[in-house]
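>
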Amino acid sequence: MAQVTLDRVRKTYPNGHDAVHPCSVEIPDGELVVLVGPSGCGKSTLLRMIAGLEDITDGALSIGTEVVNDRDPADRNIAMVFQNYALYPHMSVAKNMGYGLKNRGASKSEIEAKVQEAARILNLGDYLDRRPSQLSGGQRQRVAMGRAIVRDPELFLFDEPLSNLDAKLRNQMRIEIRALQQRLGVTSVYVTHDQVEAMTMADRIIVLNEGRVEQIGTPTEIYEHPASTFVAGFMGAPPMNLMLAQIANGGLMLGGDTRLPFAAPAVATDTVLVGFRPEDVRLGGDGATMLQVEIIEELGAHRLLHGKLGDQAFSLSVGKDEAAALGPQPITLPQDRIHFFHPERGTRI
Amino acid sequence: MADLTQSDGVLSATTSRQRPRIKLRHIADHAILMAGALLMVFPVVLVLMTTSFSDADIAKHGLQLGFEGNMLENFEAAMFEASGFTKTITGTRMLMNSMILGLGFAIGKIVISMMAAYAIVYFRLRFATFAFWIIFTTLLLPLEVRILPSYEAIQSLGLANTYTGLIVPLIASATGTFFFRQFFRSIPEELVEAARIDGAGPVKFFIDILVPLSRTMIAAIFIIMFVYGWNQYLWPTLITTDEGLFTLVRGIKQIVQVLSQTGAMIPEYGKALALSLIAMIPPVLIVIFFQSWFVKGLTESDK
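Line by line, the protein sequences give chains A and B. Just add 18 to wherever you are in the first sequence, counting from 1, and you've got my numbering. Letter 274 of the second sequence, counting from 1, is numbered 258 in my numbering, and no numbers are missing.
1. Determine whether the beta carbon atoms of B/Ile94 and B/Ile191 lie at a separation below 8 Å.
2. Can you tell me whether DSSP reads A/Gly70 as helix, strand or coil?
3. In chain A, which residues lie with their C-beta within 8 Å of the C-beta of B/Asp226?
4. Within 8 Å of any Cβ in chain B, is that where the Cβ of A/Arg122 sits?
5. Please report the distance separating the alpha-carbon of A/His357 from that of A/Pro179.
6. Since A/Gln157 is in the beta strand (DSSP E), which residue starts that stretch and which ends it?
7. Could you check if B/Glu45 is buried or exposed, using at least 16 other CB atoms within 10 Å of its CB as the buried criterion?
8. Any Cβ of chain B within less than 8 Å of the Cβ of A/Ala97?
9. Within the same chain, show all residues whose beta-carbon is closer than 6 Å to that of A/Leu344, passing over the 5 residues directly before and after it, in chain order.
10. Under 8 Å: do the stretch 217 to 233 of chain B and the stretch 101 to 113 of chain B share three or more Cβ pairs, one atom per stretch?
11. Note down the Cα distance separating A/Gly164 from B/Phe167, rounded to an integer number of angstroms.
12. So, helix, strand or coil for B/Gly53, using DSSP?
13. Given this structure, state the Cα-to-Cα distance separating A/Gly325 from A/Pro91, to the nearest angstrom.
14. Measuring alpha carbon to alpha carbon, tell me which residue in A/Gln353, A/Gln330, A/Phe176 and A/Tyr241 is nearest A/Ala281.
15. Does the pairing of the stretch 134 to 144 of chain A with the stretch 162 to 177 of chain A give three or more beta-carbon distances under 8 Å?
16. For the stretch 243 to 288 of chain A, which segments carrying the alpha helix (DSSP H) assignment without a break, of at least 4 residues, lie completely within its bounds, in sequence order?
17. Indicate whether A/Thr75 and A/Thr30 have their beta-carbon atoms separated by less than 8 Å.
18. How big is the Cα-Cα spacing for B/Ala156 and A/Gln152?
19. Could you give the distance in angstroms between the alpha-carbon of A/Ala220 and the alpha-carbon of A/Gln190?
20. Would you check if the distance between the CB atom of A/Val387 and the CB atom of A/Leu309 is smaller than 8 Å?
21. Specify the secondary structure class of A/Tyr31 as computed by DSSP and reduced to three states.
22. If you reduce the DSSP assignment to three classes, tell me which class A/Asn25 lands in.
23. Can you check DSSP and say which residues form a bridge with A/His320?
24. Quick check on DSSP: helix, strand or coil for B/Asn10?
25. For A/Ala78, which residues in the same chain have their Cβ closer than 6 Å to its Cβ, ignoring the five residues on either side in sequence?
26. Alpha carbon to alpha carbon, how far is A/Pro171 from A/Thr247?
27. At the level of alpha carbons, what is the spacing between A/Arg355 and A/Val52?
28. How long is the line joining the alpha carbons of B/Arg165 and B/Leu175, rounded to whole angstroms?
29. My understanding is that B/Ala263 touches B/Val240, with C-beta atoms under 8 Å, so please give their C-beta distance in whole angstroms.
30. Comparing alpha-carbon positions, which option in A/Asn87, A/Glu228 and A/Gly48 lies nearest A/Met67?
31. Of all Cβ atoms in chain A, is any one closer than 8 Å to the Cβ of B/Asp41?
32. Any C-beta of chain A sitting closer than 8 Å to the C-beta of B/Ala178?
33. DSSP on B/His45, reduced to helix/strand/coil?
34. Tell me, please, whether the CB atom of A/Ala69 is closer than 8 Å to any CB atom in chain B?
35. Assess contact between the stretch 62 to 80 of chain B and the stretch 126 to 140 of chain B, defined as three or more Cβ pairs (one per stretch) separated by less than 8 Å. Is contact present?
36. Is A/Lys61 near the ligand PLP, judged by its Cβ being under 7 Å from some heavy atom?
Take a look at the structure:
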């Protein structure tokens, strides 16, 4: 078990493409950190650099107290779970799990004991002699986990391990992985593009966009205080409403003569981006702010109302018991849930 | 195709028990298959029957159907009687030589082409693609084209009349390299990475992961190459002048050239025919034995 430190770690491909801009993170012992971002944001590259599958262009990566930049993946004492499981198709489950130990020169009895132990933890006892092709997706995922566990690694790496599973199994495995990680207390880095996975599993989240770290924080921090419009839009479903407001006489004006009932923040620009999470906005109110509802989406537990506030798109989420109707509806925008962002840079104000 | 027709036949057999109705189409199918099989087998049967005649009969009447009493003698002579100019080579010796050539050829080709493909696919070599295309273009230069320089090289290395000289010049294989390259490229990248994390170096990865994964592919190529090597004629004729190194395919011709020892001064036809039948057996056995692997190797990849 160990802490992992990235000190200005950077990746530039030979063709000059900057896949990961200098990135510094400290992951304390036992923490599960989720790297999240859209496709091509560099999250997998960053993970693969930690694994040693990709060279680090610049910066220092330490696992424990040692810098491991130039160490082979096998010597970093890590274990990795791949998206397509990457099990050896010609080996039995037991052999798959024991292969890493065998290469390290562990004795037969030691391998046997560790594999049995992992199989017990993961409920794979009955499948040890089967081939991966004879297992279901969830079982293969467990075998991949088992292969990681038996090595007693200092660091688990997960590369979108759940994206090949169906929705139901994904929810179940998500909980299993989290429970297992907490029980074993192994430092983990988990890559996903699924913000629900990120929010539910992470101790801390690193949001990446175009190779840059947008924000590092606990799920609550990320959700409550997104550092940029990118984070605000990426984390949370439906995404945060972002409206471009003109600052006029200290007030905030949307197009169509709609005035927001808040004082403008002290900024040098003429405009500002105003953000509200759909679930923070309430239906009903004194009629000062009217939402023109155009579409109602029924989601069972709650409904989404999409419409226009002034001339800008706006969504809000209401409970299933609240009456919702099309047309102009009064809404309440709570003062304490407002977010301001810089209109050009997108950074939080 | 063969499988389909077969299962069709089984199906019609079971249904015909319930309803005695044989479809005309099936009769036609089977008639064609049987006619084809007979056509293929007939020459072999003809040769087999002819081996039961004496050399004199064969010389007089040519190949013939029917049975005489000389079959056992002819086969015995073919296998164990020393022949050739120097009287050193027997059928068993030739069979062994052919076996050495066939196995050495097939195994050598597989080992060389697997390693070449491994280097091309998995290592970041500077001119890997270029190297591959160079190897690939050697398909345009079969042995027949380069036979004189090959002979010259082997001769000057002093390898004429050795097994090494017989086998080594033949084992470079563009086809094999190509097949293995395509196969290796279809193996998911993650598998390589998982193996790296599991501490498998290049050699371990090759032996523990790639070779087992390629086994159906290896079997398929082994069959093709074994038969191909077994049937080699031109190169062995050129490079082996020592009769002790004659292969079956090459030796048969030699026997027909040598006149019979029985004083009749006619070629030993019976012995030659028996030998040519013997020469057919190992390739047939190999194909039968590896058949299921062969089909697997060509149709599915074990992933």
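Built from N, CA and C at the ideal position, the CB exists for glycine as well.
For this structure:
1. No, they are not a contact pair.
2. The three-state reading of DSSP puts A/Gly70 in coil, since its state is none of H, G, I, E or B.
3. Here the premise fails: no neighbours, minimum Cβ distance about 44 Å.
4. Yes, contact with chain B.
5. Rounded to whole angstroms, the gap between the alpha carbons of A/His357 and A/Pro179 is 33 Å.
6. From DSSP, A/Gln157 is part of no beta strand (DSSP E) but of the alpha helix (DSSP H) over Gly155 to Ile167.
7. Residue identity differs from the one stated: residue 45 of chain B is His in this sequence, not Glu. That one is exposed.
8. With 8 Å as the cut-off, A/Ala97 counts as an interface residue toward chain B.
9. These residues qualify, in order along the chain: Val311.
10. Taking a contact to require three or more Cβ pairs closer than 8 Å, the stretch 217 to 233 of chain B and the stretch 101 to 113 of chain B do not qualify as touching.
11. Going by the C-alpha atoms only, they are around 28 Å apart.
12. Three-state result, B/Gly53: coil.
13. One C-alpha to the other measures close to 52 Å.
14. Among A/Gln353, A/Gln330, A/Phe176 and A/Tyr241, the Cα nearest to that of A/Ala281 is on A/Gln353.
15. Yes: the two stretches touch, three or more of their Cβ pairs being nearer than 8 Å.
16. Entirely contained in the stretch 243 to 288 of chain A, the alpha helix (DSSP H) runs reaching 4 residues are, in chain order, 247 to 252.
17. Yes. Within cutoff.
18. Each residue's CA atom was taken as its position, placing B/Ala156 and A/Gln152 some 38 Å apart.
19. Note on geometry: alpha-carbon atoms of A/Ala220 and A/Gln190 lie some 16 Å from one another.
20. Because chain A is modelled from 19 through 367, residue 387 of chain A falls outside the range shown and cannot be assessed.
21. Here A/Tyr31 sits in coil by DSSP.
22. According to the sequence shown, residue 25 of chain A is Asp rather than Asn. Strand.
23. In DSSP, A/His320 forms a bridge with A/Gly337.
24. Here residue 10 of chain B is His; the residue named in the question, Asn, does not match the sequence. For B/His10, the secondary structure class from DSSP, reduced to helix, strand or coil, is helix.
25. Result list for A/Ala78: Asp25 and Val85, in chain order.
26. In this structure, the CA atom of A/Pro171 is about 37 Å from the CA atom of A/Thr247.
27. Rounded to the nearest angstrom, the two C-alpha atoms are 25 Å apart.
28. Looking at the two C-alpha atoms, the distance is approximately 16 Å.
29. Actually they do not touch by this definition, with Cβ atoms about 13 Å apart.
30. Answer by Cα proximity: A/Asn87.
31. Answer no: the Cβ-Cβ gap between B/Asp41 and chain A never drops below 8 Å.
32. So yes, B/Ala178 belongs to the interface.
33. B/His45 falls in the helix class under three-state DSSP.
34. So yes, A/Ala69 belongs to the interface.
35. Contact between the stretch 62 to 80 of chain B and the stretch 126 to 140 of chain B is absent, because fewer than three Cβ pairs lie under 8 Å.
36. Inclusion of the ligand PLP in the displayed structure is not the case, the ligand content being empty and no account of it being possible.
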